[in-house]
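So the sequence lines, in the order shown, correspond to chains S and U. Residue numbering for the first sequence follows the numbering used here, beginning at 1 and increasing consecutively. Residue numbering for the second sequence follows the numbering used here, beginning at 1 and increasing consecutively. Read the structure below first, then the notes.
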Amino acid sequence: MARDSETAVLEVENLSVELGIGGRWVRALNNVSLSIRAGEALGLVGESGSGKSLTALAVAGLLPDNARVVGGSIRLKGEAVLGRSEAELNRLRGRALAIIFQNPTTYLNPLLTVGAQIAEVFEVSPELLASEGGGRLGKRERRERGWRLVVEHLRLVHIADPERVARQYPFELSGGMQQRVIIAMALIRRPSLVIADEITTALDVTVQAQILSLLAELRASIGMTLLLITHDMGIVAQLADRVAVMYSGSVVEASDVASLFAEARHPYARALLEAVPKIDGNETLLRAIPGGIPAITNPPPGCRFHPRCPRAFGPCAHSVPAAVALGDRHTVACHLYRDGPA
Amino acid sequence: MRLLGYIVRRLAGLALVLLGVSILVFVLLRGMPGVDPLSAYITPGLPMSQEALKGLRGELHLDQPLPVQYFYYVADLLRGDWGYSRTAAQPVIQALLERLPATVELAVAAVLLSTAIGVPAGIVAAVHRDRAPDIAVRVVSITGISFPVFWLGILLQLVFFYYAGQLGLPTLPSRGRVDDLDALTNPLAPVTGFYLIDSLIRGNLAFFASALAHLVLPAFALSLIGLATVVRIMRASMLEVLRQDYILLARSKGLPLRTVLLRHALRNAITPVLTTAGTTLGILLGGAVVVETVFSWPGIGRLAAQGILNNDAVLVVGFTLFVATMMVLVNLAVDILYAVVDPRVRY
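Following this line, the structure appears as structure tokens:
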């Protein structure tokens with residue numbers, strides 16, 4: 001992983017997080033490692049409760065009060081995220097990161113106009129309002145430039161009437177429009193990393209498709225680095241370069257998208273791919289993975305997937321498999337591969 | 001102009017509420033068993049002939065069926081004839097309006113004080129939930145609401161007027177709206193009836209200082225009625241809002257905590273506090289009876305207390321209608337404030 005550090009925008013190494021549930025601490029993330037290079041899109045996939053969103057919150061330094069980091073490191077643009085004061089974190093978040101959340105209707109403040117909420121970014125990043133030469137502008141010029149930038153970015157996310165929408169309140173917009181607004185808000189300061197957390201789950205299917213193609217287009221046009229959190233393998237195939245599969249708080253396999261789709265190694269990753277419904281074959285039944293994701297309050301010993309794993313054998317029930325490198329940036333955490341490539 | 005349409009619609013609703021209140025008050029006035037409404041119009045002990053009584057009864061339409069009487073009653077109310085108060089020795093409406101500014105000044109000062117203390121205290125408690133500042137705020141506010149207001153008023157007078165005077169410290173006045181001497185040496189021609197506002201308009205600073213000093217103790221005593229509620233509601237509402245997704249998004253932008261709290265959380269959390277403050281204001285406008293009596297404050301509450309002690313039914317019923325009207329108006333004002341704060345209400 002060391003060779004990634006020059007180009008990596010995000011590096012998470014052996015991150016472990018515990019949650020306080022019912023008066024005790026339970027392990028919610030277990031030695032999670034991820035890295036994303038500039039311009040890359042990493043899909044982080046897994047079922048609900050696998051720890052995808054918690055990982056994203058940890059990266060942003062926004063873990064809830066009942067969570068604590070018990071090990072590992074997170075570096076954003078080479079700067080450590082963990083162990084920083086709230087003020088330092090605010091500066092880092094403002095410079096380096098933007099999150100697009102799951103449900104647009106609840107993530108916009110109902111009492112502020114869309115334009116005002118986007119323009120808040122300028123308070124954190126006043127340099128966006130500097131003149132072309134970098135000089136400080138007068139108050140009126142800054143207002144005009146801010147307004148122009150807001151309108152410009154609403155147009156960038158294909159909002160037809162940006163001047164009007166900027167003056168509207170969130171409740172006057174549809175869910176898809178609100179999600180576009182949040183995307184515009186995320187992009188306006190060109191963050192080093194954009195985290196997109198299940199951004200289409202709350203939207204209609206047709207709107208989902210529009211938002212996904214918008215993201216693909218923006219990736220190409222402004223070259224953003226993306227951490228794409230989803231449970232949908234189809235979205236990964238469409239948008240991501242690399243993929244990390246999470247199961248019950250651990251990354252079980254990470255590789256480039258093509259290799260994973262061609263030849264997933266971890267039994268869970270395979271099962272996940274097989275569970276994607278296909279419309280070309282004659283199959284009418286949806287394939288499901290037997291069993292359910294274990295409760296983090298009472299996880300099974302050993303590999304957390306072993307009770308559901310078709311290929312479980314001797315060591316799986318009592319020893320946690322470590323990540324094994326299978327080639328260039330391809331790792332898998334499974335006892336089947338503990339002696340290198342099988 | 002959606003806001004204007006909203007206000008017009010609310011005013012129409014207001015008329016209906018007042019109609020209901022007037023019916024209730026009328027039933028109270030005429031329906032009280034064993035009380036002949038005529039007795040409010042005759043001087044006890046002064047002999048009157050049966051014919052004269054009958055004539056008076058007819059003149060006052062008291063020989064008509066109740067619905068007809070109600071019609072005359074409302075017509076009188078609308079003309080501003082609310083009856084004559086024996087206690088104040090003047091018409092009820094005049095007695096109330098004359099004393100209203102004193103009560104409004106005191107009630108508004110008390111509500112402003114409880115909001116000015118309660119809102120920041122509630123925010124601090126919510127942000128430091130279950131830690132020392134939160135516990136301190138909760139203990140103090142519970143203690144505050146546990147004191148009976150009349151007792152607290154007397155205690156305040158004792159400490160800041162009597163004991164402070166004994167020790168030669170500066171004292172705060174314990175009775176009335178203004179010092180008689182100040183009022184004599186720097187007389188104030190009324191404009192609105194509110195001493196603080198009028199003295200500022202007239203540039204009469206000596207009068208202003210005296211009126212302000214007189215307001216401190218009663219306003220503080222009265223503010224404790226609403227303070228604990230404001231703190232508790234602000235804290236609960238803030239905790240609720242801080243859990244919302246848009247707060248997480250605001251934080252993810254890198255906005256400082258102060259901005260997140262004041263711009264994003266406070267505006268969303270303040271609406272329940274507005275209701276509380278409005279209701280408290282309504283209650284204080286009508287029910288500052290105890291504090292006005294303890295501090296000899298010449299407002300409508302003290303007048304009502306005197307009316308009750310004097311069996312002055314006309315005054316007491318007039319007072320009830322008056323207070324109900326004010327309560328309704330205050331609620332309307334709160335609803336309009338809602339619409340100003342929250343654009344979704346206007347639709």
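Even glycine gets a Cβ: it sits at the ideal position worked out from N, Cα and C.
Any beta carbon from chain U within less than 8 angstroms of Met1 (chain S)'s own beta carbon?
In the first sequence, the residue the question calls residue 1 (chain S) occupies position 1. Here Met1 (chain S) scores only 42 on pLDDT, less than 50, and its place in the model is too uncertain to base an answer on.
Distance check for Ala237 (chain S) and Gly23 (chain S), CA to CA, integer angstroms please.
Taking the first sequence and counting its residues from 1, one reaches residue 23 (chain S) at position 23. Taking the first sequence and counting its residues from 1, one reaches residue 237 (chain S) at position 237. C-alpha of Gly23 (chain S) to C-alpha of Ala237 (chain S): approximately 41 angstroms in a straight line.
Under 8 angstroms between C-beta atoms, does Arg138 (chain U) make it to chain S?
Position 138 of the second sequence holds residue 138 (chain U). At a cut-off of 8 angstroms between C-beta atoms, Arg138 (chain U) does not count as an interface residue with respect to chain S.
Would you please state the rounded distance, in angstroms, between the beta carbons of Thr328 (chain U) and Val17 (chain U)? I believe it to be under 8 angstroms.
Position 328 of the second sequence, counted from the start, is the residue given in the question as residue 328 (chain U). Position 17 of the second sequence, counted from the start, is the residue given in the question as residue 17 (chain U). The sequence shown places Val at residue 328 (chain U), rather than the Thr named in the question. Here Val328 (chain U) really is in contact with Val17 (chain U); their C-beta atoms are around 5 angstroms apart, less than 8 angstroms.
Looking at chain U, is there any beta carbon in it that lies within less than 8 angstroms of the beta carbon of Ile99 (chain S)?
Reading the first sequence from its first residue, position 99 is the one you call residue 99 (chain S). So, interface residue.
Among S:Glu253, S:Pro277, S:Ser259, S:Leu57, which residue has its Cα nearest to the Cα of Tyr268 (chain S)?
By one-based count along the first sequence, residue 268 (chain S) stands at place 268. In terms of Cα proximity to Tyr268 (chain S), the closest of S:Glu253, S:Pro277, S:Ser259, S:Leu57 is S:Glu253.
Report all residues from its chain with a CB closer than 8 angstroms to the CB of Leu239 (chain U); omit the five preceding and five following residues, and keep chain order.
The sequence position of residue 239 (chain U) within the second sequence is 239, counting from 1. Listed in chain order, the non-local C-beta contacts of Leu239 (chain U) below 8 angstroms within the same chain comprise Ala126, Arg129, local neighbours out to five positions each way being set aside.
Own chain, CB closer than 7 angstroms to Gly39 (chain S), minus 5 neighbours either side, in chain order:
As a position in the first sequence, residue 39 (chain S) is number 39, starting the count at 1. Contacts found: Gly223, Thr225.
Among the candidates U:Asn331, U:Met326, U:Val137, whose CA atom is the shortest distance from the CA of Ala236 (chain U)?
Residue mapping note: residue 236 (chain U) aligns to position 236 of the second sequence, counting from 1. Its Cα nearest to that of Ala236 (chain U), the residue U:Val137 stands out among U:Asn331, U:Met326, U:Val137.
Taking buried to mean at least 16 other C-beta atoms within 10 Å of its own C-beta, is Glu120 (chain S) buried or exposed?
Position 120 of the first sequence, counted from the start, is the residue given in the question as residue 120 (chain S). Sixteen is the threshold: when 16 or more other Cβ atoms of the shown chains lie within 10 Å of the Cβ of Glu120 (chain S), as they do, the residue is buried.
Using a C-beta to C-beta distance shorter than 8 angstroms, which residues of chain U count as neighbours of Ala60 (chain S)?
Translated into positions along the first sequence, residue 60 (chain S) becomes position 60. Correct list: Ser252.
Chain S residues whose Cβ lies nearer than 7 angstroms to that of Arg344 (chain U):
Taking the first residue of the second sequence as 1, we reach residue 344 (chain U) at position 344. Here the neighbours are Pro110, Phe171.
For Ser193 (chain S), write down the residues that DSSP places opposite it in a beta bridge.
On the first sequence, position 193 is the one that residue 193 (chain S) refers to. The sequence as given places Leu at residue 193 (chain S); Ser does not occur at that position. Per DSSP, the beta-bridge partners of Leu193 (chain S) are S:Leu97.
State the Cα-Cα distance for the pair Ser223 (chain U) and Leu167 (chain U), rounded to the nearest angstrom.
Translated into the one-based positions of the second sequence, residue 223 (chain U) becomes position 223. Translated into the one-based positions of the second sequence, residue 167 (chain U) becomes position 167. Between Ser223 (chain U) and Leu167 (chain U), the C-alpha separation is close to 27 angstroms.
When burial is assigned at 16 or more other CB atoms within 10 Å of the CB, is Pro64 (chain S) buried or exposed?
Here residue 64 (chain S) is taken as the residue at index 64 of the first sequence, counted from 1. Pro64 (chain S) is exposed by the Cβ-count criterion.
Mind listing the chain U neighbours of Thr55 (chain S)? Cutoff is C-beta to C-beta under 7 angstroms, in chain order.
Within the first sequence, residue 55 (chain S) is the residue found at index 55, counting from 1. The premise fails here: Thr55 (chain S) is roughly 15 angstroms from chain U at the closest Cβ pair, so nothing lies under 7 angstroms.
According to the Cβ coordinates, are His330 (chain S) and Cys316 (chain S) closer than 8 angstroms?
If you number the first sequence from 1, residue 330 (chain S) lands on position 330. If you number the first sequence from 1, residue 316 (chain S) lands on position 316. With contacts defined as CB atoms closer than 8 angstroms, His330 (chain S) and Cys316 (chain S) fail to qualify as a contacting pair.
For Asp256 (chain S), which residues does DSSP report across the bridge?
The residue given as residue 256 (chain S) occupies position 256 in the first sequence. According to DSSP, Asp256 (chain S) bridges with S:Arg242.
In chain S, which residues lie with their C-beta within 9 angstroms of the C-beta of Arg267 (chain U)?
Residue 267 (chain U) sits at position 267 when you count from the first residue of the second sequence. Under the 9 angstroms cutoff, chain S gives Asn109, Leu111, Leu112.
So Pro173 (chain U) and Asp179 (chain U) are supposed to be a Cβ contact under 8 angstroms. How far apart are they, rounded?
For this step, residue 173 (chain U) is matched to residue 173 along the second sequence. For this step, residue 179 (chain U) is matched to residue 179 along the second sequence. Indeed, because the Cβ distance is near 7 angstroms, the residues count as touching under 8 angstroms.
For Ser349 (chain U), report the span of its beta strand (DSSP E) as first-last.
Chain U is shown only over 1 to 347; residue 349 (chain U) falls outside these bounds and no answer can be derived.
On the CB-based measure, 16 or more other CB atoms within 10 Å of its CB, does Glu86 (chain S) come out buried or exposed?
One-based indexing of the first sequence puts residue 86 (chain S) at position 86. Around the CB of Glu86 (chain S), fewer than 16 other CB atoms lie within 10 Å, so the residue is classed as exposed.
Alpha carbon to alpha carbon, what distance is there between Val245 (chain S) and Leu326 (chain S)?
On the first sequence, position 326 is the one that residue 326 (chain S) refers to. On the first sequence, position 245 is the one that residue 245 (chain S) refers to. Whole-angstrom Cα-Cα distance: 15 angstroms.
Helix, strand or coil: which one does DSSP assign to Glu172 (chain S)?
In the first sequence, residue 172 (chain S) corresponds to position 172, counting from 1. In the structure shown, Glu172 (chain S) sits in a helix (DSSP, three-state: H, G or I).
Does Asp335 (chain U) come within less than 8 angstroms of chain S when only Cβ atoms are used?
Start at 1 with the first residue of the second sequence, and residue 335 (chain U) comes out as number 335. Judged by the 8 angstroms Cβ criterion, Asp335 (chain U) is not in contact with chain S.
Is Glu120 (chain S) close to chain B? Criterion is C-beta to C-beta, closer than 8 angstroms.
In the structure shown, chain B cannot be found, because the protein chains are S and U.
Grouping DSSP H, G and I as helix and E and B as strand, with all else coil, what is Ser319 (chain S)?
Taking the first sequence and counting its residues from 1, one reaches residue 319 (chain S) at position 319. Under the three-state reduction of DSSP, Ser319 (chain S) is assigned to coil, being neither helix nor strand.
Name, please, each residue of chain U whose Cβ falls closer than 7 angstroms to the Cβ of Glu88 (chain S).
Locating residue 88 (chain S) in the first sequence gives position 88, counting from the first residue. The premise fails here: Glu88 (chain S) is roughly 10 angstroms from chain U at the closest Cβ pair, so nothing lies under 7 angstroms.
Buried versus exposed, by CB contacts within 10 Å (16 or more), Lys139 (chain S)
In the first sequence, the residue the question calls residue 139 (chain S) occupies position 139. With fewer than 16 other beta carbons inside 10 angstroms of its own, Lys139 (chain S) counts as exposed.
Can you tell me whether Leu29 (chain S) is buried or exposed? The criterion is at least 16 other CB atoms within 10 Å of its CB, across all chains shown.
As a first step, residue 29 (chain S) must be located in the first sequence, where it is residue number 29. Burial call: buried.
Span of the alpha helix (DSSP H) around Ala116 (chain S)
Position 116 of the first sequence, counted from the start, is the residue given in the question as residue 116 (chain S). Counting along the chain, the alpha helix (DSSP H) containing Ala116 (chain S) begins and ends at 114 to 119.
Determine the direct distance from the alpha carbon of Ala60 (chain S) to that of Asp4 (chain S), and round the result to whole angstroms.
Residue mapping note: residue 4 (chain S) aligns to position 4 of the first sequence, counting from 1. Residue mapping note: residue 60 (chain S) aligns to position 60 of the first sequence, counting from 1. Annotation note: pLDDT 47 at Asp4 (chain S) (below 50); position unreliable, coordinate value reported separately. Distance from the CA of Asp4 (chain S) to the CA of Ala60 (chain S), rounded to the nearest whole angstrom, comes to 20 angstroms.
Please name the residue, chosen from S:Ala271, S:Ile195, S:Ala160, that lies closest to Leu54 (chain S) on a Cα-to-Cα basis.
The sequence position of residue 54 (chain S) within the first sequence is 54, counting from 1. Of the candidates S:Ala271, S:Ile195, S:Ala160, the one whose C-alpha sits nearest the C-alpha of Leu54 (chain S) is S:Ile195.
In terms of residue numbering, what span does the alpha helix (DSSP H) encompassing Ala221 (chain U) cover?
Locating residue 221 (chain U) in the second sequence gives position 221, where the first residue counts as 1. Note, Ala221 (chain U): alpha helix (DSSP H), 205 to 242.
Span of the alpha helix (DSSP H), counted from its first residue to its last, around Glu163 (chain S):
Position 163 of the first sequence, counted from the first residue, corresponds to residue 163 (chain S). Its alpha helix (DSSP H) spans residues 162 to 166.
If distances are taken between C-alpha atoms only, which option among S:Tyr169, S:Glu88, S:Phe122 comes closest to Thr113 (chain S)?
Against the first sequence, residue 113 (chain S) aligns to sequence position 113. That would be S:Tyr169, whose Cα lies nearest to the Cα of Thr113 (chain S).
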